[in-house]
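Protein chains in written order, with my numbering: chain A, 1 to 570; chain B, 1001 to 1437; chain C, 2001 to 2132. Structure, as structure tokens:
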Amino acid sequence: MAEYIVKNGFVVDPTLGVNCEKMDIAIKDGKIVETTELKSPKTIDASGMIVMAGAVDVHSHSAGPKVNVGRNFRPEDKLNYYKAKSGVKRMEAGFSVPTALSSGYIFARMGYGFVMEAAMPPLYARHTHEEMRDTPIVDEAALPVFGNNWFVMEYLKNHEIENVASYIAWLLRVTKGYGVKCVNPGGTEAWGWGMNCVTPDDPVPYFDVTPKEIIKGLIEANEYLRLPHSMHLHSNSLGEPGNYQITIDSLKCAEGFKANSDFGRDQVLHHTHLQFHSYGGESYGSKEFESKSKEVMDYVNGTDNITFDIGQVTLDETTTMTADGPFEYHLSHMNNLKWVNKDVELETAAGVVPFIYNPNSFIGVAQWAIGQELALLTKDMTKCHITTDAPNAGPVHRYPRVIKWLMSLKARNQILDDCKYGDSVRSQCYIGEIDRELSFYEIAQMTRVGTSKCLGLSHMFGSLKPGMEGDVSVYAYNPETDDDPEKIEHAFGNAKYFIKSGELIINDGEIISNGHKRTFWVKPGMELTAQVNRDVTERFKKYYTVTQNNYEVKEHHYVPNPYVIEVNAA
Amino acid sequence: MSKIITDVVCPFCGTLCDDLEVTVSDDGKKLIDVSNACAIGAMKFLHSQADDRLTKPRMRNEDGSWRDVSYEEAADFSAKMLANSKKPLMYGWSSTNCEAQSVGSTIGELIGAQMDNTATVCHGTTLIAVQDVGVPSCTLGEVKNRADMIIYWGGNPAHAHPRHMSRYSMYPRGFFTAKGHRGRTLVVVDPRDTDSASIADIHLKVEQGRDYELLSALRVAFRGEVLPDVVAGIPKEKIYEVAEKMKKARFGVIFFGMGVTQTLSKNHNIDIAIQVTRDLNEYTKFSIMPMRGHYNVTGSGEVWGWQFGFPFCVDLSRGFARYNPGESSSNDLLVRGEVDSVFVIGSDPGAHFPFGSVKKMNEIPCVCVDPHITPTTVVADLHVPVAFVGVEVGGCAYRMDSVPIETHKVVDAPEGMITDEEFLNMVLERLQKIKGV
Amino acid sequence: MAEKIELNLISGRTIQQGVSMEAGKEKPAYRDACGIIELNAADIKKLGIWQGTNVRVTSLHGTVVVKAIEGLQKVDEGMGWIPMGPWANRVIDPNTYSTGMPTFKGVKVSVTPEPSGKVLSSLEVIEEGLAL
């Protein structure tokens, strides 16, 4: 494997305490090494450029059944957004829902080395893995959803944490999943009958547990299993005006729990796309709706066991997709666009609806403002992660634009000044009071240090210390001489060089390799309890429409290049 | 001695039953018996054992007769044909696994092919309708566990998907449906007195081709508005009665078939059937699902979806993927004489395309990759028999509700035979050499 | 014996079509399953033929000889049913109206008795068409 030395760049790495300092970074045998270890390296001249570790994405929807629904039912998403094949690089297509191939290239261009697919329906795990396998370059993993799973709810009815943990361990093994995702706890099962759970205390029809019990139970089981990542939550009543108290009540479920894991994380709860959950008021109207980001952040800043990602609205036409089935139904009634629903036996559901975040509407810009506020009100930036809940709040390729807004008051003011409802947004939200501009150091905390720690991968990613994975991104932006927010966006979206696991993927802006992507999955040490073993066998016989033997995703074709993280039981 | 293999997946229709049991000889070379399968599925397994099965590729001589050739010669011919074509059509892809489909995509991309699958003559109009209005749907297990109202519209599952009713819809006892069929209402909409209609609680004998009107009438009835005395051959009283039953169902589902996709109005029939379902979600929970035909036509659409962004009619000739049914669809391409060679795999357009298209296939170079002798082989210049997917080689397939299931190998293919995937890889290697990549 | 009747033709799957197809389309069983037209008893009477008599089915798009039967799954008077396959596809309407989907159902055809005509095998029915 070739050796590389990235010379003379402005290195930004909070794990080294380095902030735009000129340094050389050495890569050998797929890892970062001391420069003295290189024999005959190829030189990458990073003079006048930013050098960071490869970025880590904590939450996006880039592979799996609902993502593919988004592609196949929106030919218009590709109408003006495609790239021809070129050399080793294959065809690309799709604005808000890029093809799997395109996804890999987009992440590489942004300098991302690891991506978490945020919601995998267990019954469709094989599909999710097929797509991840075909997504080039970036390492990936997927979180199976548990928040509406019949096994989980039945065990939690009697607070049988050991059985929940045992079931989770089994499911991670058979689906090759990474951790515990929980979407609209209980509400999606209720949606099986066309209903929902709108507060954390609404009991789930028939199963008679509450969302709160599900959240707490999954946190407890997650820590019982000592998993690398924490429970990953999308709480009830996403997108509803006035939902912030529901959000705070859901976050409070983490109180009293402490991380129990050998993987270096502190949080027991990661709340995703917090922007959609920080709303006040009673309607979406410009006089009614208000931001409650400060109230939510007052709570989050005071905790030490919660992380979150923002779910930044990017004011684009995009495609929403979530396991929150009832939410997508309501959304389709708001905009009267096409609606796909897919309920999944015993496990979950999904909905997909195109959506236009109109910069000329009040609510679109207010949502945009709330995402910014959450990040700008955060004290410890490693707890706050940049996402667009892609493609829900915006396409994944907009991450660089989000970085631009966070780093530049001028760029933010431009949005507010140019839109019709800027004054209303300034008065109904906190954005007008905030003049903070984040630094490259803080951006690295949000996109490298924080995310890798949150996922339990800080021993591999998010840092340029010797021994880490050889993931290095080089962006053409000179922090000493450049002072244009547009240039920030361009630089972070078009890495000049990108090295992934020691292999040069982007050379002078051109993709020259499809890399050797790996799929990460977690193998918990816990065996099936006798009870869970019996229940699994019985339920497959009676209620599933596939046999138990046909449920398991075998590695060979589906996870051809696995990276298995074995976790010892307590 | 023999052994029994359980959990076998049936590679016939989109029902993709995965509970078959197959008895094979101890050495794994001979398939002896199949249980749990329907008559068609059982025949598919048993036919793999036919004594007269072709095991070698055969090439057409000048005089129309066949001569045996090696797989290497077959791959050479196929690669040259594809490389020399300005606009080749690569059609079929539905009776093979996703692994082969994926290799096919790489080939298609390399040569700028027109890629189309059997949805084009089956549920292609459904795919178009979903692009118009979306689709509220579910997995088949949701139907089994929750549904108390089952509607088959323009389909005859007793014949086309023989185990569909017993496994998923009408007969199984599920979690919230312990009474099985006694707790369910079955409605069949069909202009014929089909075997499925004969067991229905209500048979709406719609006038052929008037499905749109009847669906529209249901939407009127849901809203309590006024209907003419008779719509599409059904008295209004009946329409109001069925509409009321649909609204009062706890969980209902519409399964629809070729009766609506292939009839005039085509995608518009599906549009409104989906709108009927969308309406019903105002009152209760309702889903709708196409009765997909080939066991992996759904998979072909999924694979192309994540690789190109479109489920069928994919035009790769410009270096990026384009989609325009009516232009980039197989029958239109053939009838207009726009393609200059055809590569067929996992389908039999010779039997299932209008004859005018078959005639065009005969006029241009044609390769057919298929275990069977079929009407397509009549117009082929090269016939490449391969191992049966789901019998002699495993691989991923997607059920009609898009649930992916891995099919299994249960017996060895006859000695020397290769799989779709292996043959496609041979063609790909040669094309890469020709193209110098 | 009537010279000719006009029918609305539809095609589609039958279980015999499926089973015989999987057993080999070149075999007589496939012809027996699909080289047929199912008619209403009244239309058979109008044609003045017995069940099992061969008839010629003709549309704007082509013509084919199949065997007329009164199927087990009844069709109404004025309707004809040919199982999907190369026989039906000799006469169905290939127009896709820009959807990609030929019009396999709802094709105007005329049917005339042709007792001396032969129902060809699936391979022969293609060869015959190509020779035209």
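Note that beta-carbon positions come from the ideal geometry of N, C-alpha and C, so glycine has one too.
C-beta neighbour in chain C for residue i, strict 8 Å
i, result
"residue 1049 (chain B)", "no"
"residue 1162 (chain B)", "yes"
"residue 1092 (chain B)", "no"
Beta carbon of residue i nearer than 8 Å to that of residue j
i, j, result
"residue 1021 (chain B)", "residue 1004 (chain B)", "yes"
"residue 2123 (chain C)", "residue 1375 (chain B)", "yes"
"residue 393 (chain A)", "residue 431 (chain A)", "no"
"residue 232 (chain A)", "residue 182 (chain A)", "yes"
"residue 291 (chain A)", "residue 429 (chain A)", "yes"
"residue 308 (chain A)", "residue 274 (chain A)", "yes"
"residue 1385 (chain B)", "residue 1401 (chain B)", "no"
"residue 2005 (chain C)", "residue 2047 (chain C)", "yes"
"residue 1331 (chain B)", "residue 2086 (chain C)", "no"
"residue 264 (chain A)", "residue 459 (chain A)", "yes"
"residue 528 (chain A)", "residue 166 (chain A)", "yes"
"residue 1066 (chain B)", "residue 1346 (chain B)", "no"
"residue 10 (chain A)", "residue 50 (chain A)", "yes"
Whole-number beta carbon distance between residue j and residue i, since they are thought to touch under 8 Å
i, j, result
"residue 296 (chain A)", "residue 236 (chain A)", "Rounded, the Cβ-Cβ distance is 15 Å, inconsistent with contact."
"residue 1136 (chain B)", "residue 1269 (chain B)", "Contact flag wrong, Cβ pair sits at about 17 Å."
"residue 462 (chain A)", "residue 449 (chain A)", "5 Å"
"residue 246 (chain A)", "residue 153 (chain A)", "Their Cβ separation, rounded to whole angstroms, is 19 Å, which puts residue 246 (chain A) and residue 153 (chain A) out of contact at 8 Å."
"residue 244 (chain A)", "residue 278 (chain A)", "5 Å"
Min CB distance residue i to chain B below 8 Å
i, result
"residue 2113 (chain C)", "no"
"residue 187 (chain A)", "no"
"residue 2006 (chain C)", "no"
"residue 2106 (chain C)", "yes"
"residue 91 (chain A)", "yes"
"residue 134 (chain A)", "yes"
"residue 193 (chain A)", "yes"
"residue 339 (chain A)", "yes"
"residue 146 (chain A)", "no"
"residue 94 (chain A)", "yes"
"residue 2130 (chain C)", "yes"
Chain A contact for residue i (CB, 8 Å cutoff)
i, result
"residue 1167 (chain B)", "yes"
"residue 1293 (chain B)", "no"
"residue 1013 (chain B)", "no"
"residue 1301 (chain B)", "yes"
"residue 1430 (chain B)", "no"
"residue 1098 (chain B)", "yes"
"residue 1095 (chain B)", "no"
"residue 1319 (chain B)", "yes"
Given 8 Å as the limit, is there contact between the stretch 77-96 of chain A and the stretch 139-147 of chain A, that is, 3 or more CB pairs closer than that? Judged by Cβ distances under 8 Å, the stretch 77-96 of chain A makes no contact with the stretch 139-147 of chain A, as fewer than three pairs qualify.
Does the count of Cβ pairs from the stretch 2109-2124 of chain C and the stretch 2041-2050 of chain C closer than 8 Å reach three? Yes, the stretch 2109-2124 of chain C touches the stretch 2041-2050 of chain C.
For the stretch 365-377 of chain A, which residues have a beta carbon sitting closer than 9 Å to at least one beta carbon of chain B? Cβ contacts with chain B: none found.
Meets three-Cβ-pair contact criterion under 8 Å: the stretch 1133-1150 of chain B and the stretch 1112-1123 of chain B: Touching, no.
Can we say the stretch 36-45 of chain A touches the stretch 56-71 of chain A, given the rule of at least three CB pairs closer than 8 Å? Too few Cβ pairs lie closer than 8 Å, so no.
Selection of the stretch 2013-2039 of chain C by Cβ proximity to chain B, strictly under 7 Å: Hits within the stretch, in order: 2013, 2014, 2015, 2018, 2019, 2022, 2023, 2024, 2025, 2026.
Does the contact criterion of 3 or more C-beta pairs under 8 Å hold for the stretch 1194-1202 of chain B versus the stretch 1156-1164 of chain B? Of all C-beta pairs linking the stretch 1194-1202 of chain B to the stretch 1156-1164 of chain B, three or more are shorter than 8 Å, placing the two stretches in contact.
Hey, is the stretch 319-328 of chain A in contact with the stretch 352-369 of chain A, meaning 3+ C-beta pairs nearer than 8 Å? Yes, the stretch 319-328 of chain A touches the stretch 352-369 of chain A.
Three or more C-beta pairs closer than 8 Å, one from the stretch 1259-1269 of chain B and one from the stretch 1296-1314 of chain B: is that the case here? No: the two stretches stay apart, fewer than three of their Cβ pairs being nearer than 8 Å.
Positions along the stretch 1137-1162 of chain B whose CB lies within less than 7 Å of some CB in chain A: Closer than 7 Å at the C-beta level to chain A, one finds these residues of the stretch 1137-1162 of chain B: 1137, 1138, 1139, 1140, 1141, 1142, 1144, 1145, 1146.
Residues in the stretch 2065-2081 of chain C with C-beta within 8 Å of chain B's C-beta atoms, listed in sequence order? Against chain B - using a Cβ distance shorter than 8 Å - the residues of the stretch 2065-2081 of chain C are 2072, 2073, 2074, 2075, 2076, 2079, 2081.
Examine the Cβ distances between the stretch 1402-1418 of chain B and the stretch 1003-1017 of chain B and report whether three or more of them are shorter than 8 Å. Verdict: yes, contact present.
Assess contact between the stretch 2047-2064 of chain C and the stretch 1163-1170 of chain B, defined as three or more Cβ pairs (one per stretch) separated by less than 8 Å. Is contact present? Taking 8 Å as the limit for Cβ pairs, the verdict is that the stretch 1163-1170 of chain B does not touch the stretch 2047-2064 of chain C.
Under 7 Å, CB to CB, which of the residues in the stretch 1303-1316 of chain B have a partner in chain C? So the list reads 1313, given in the order they occur along the chain.
Interface residues of the stretch 246-268 of chain A facing chain B [CB-CB below 9 Å]: Within the stretch 246-268 of chain A, no residue qualifies.
Along the stretch 523-545 of chain A, where does the CB come closer than 8 Å to a CB of chain B? Name the residues. Going along the stretch 523-545 of chain A in chain order, one finds 542, 543, 544, 545 with a Cβ nearer than 8 Å to chain B.
Just checking, does the stretch 1116-1133 of chain B make contact with the stretch 1319-1337 of chain B on the three C-beta pairs under 8 Å criterion? Touching, per the Cβ criterion.
Chain C contacts made by the stretch 1351-1366 of chain B, where a contact means CB separation under 8 Å: For the stretch 1351-1366 of chain B, which is checked against every Cβ of chain C, the residues closer than 8 Å are 1351, 1352, 1353, 1354, 1355, 1356, 1357, 1358, 1359, 1362.
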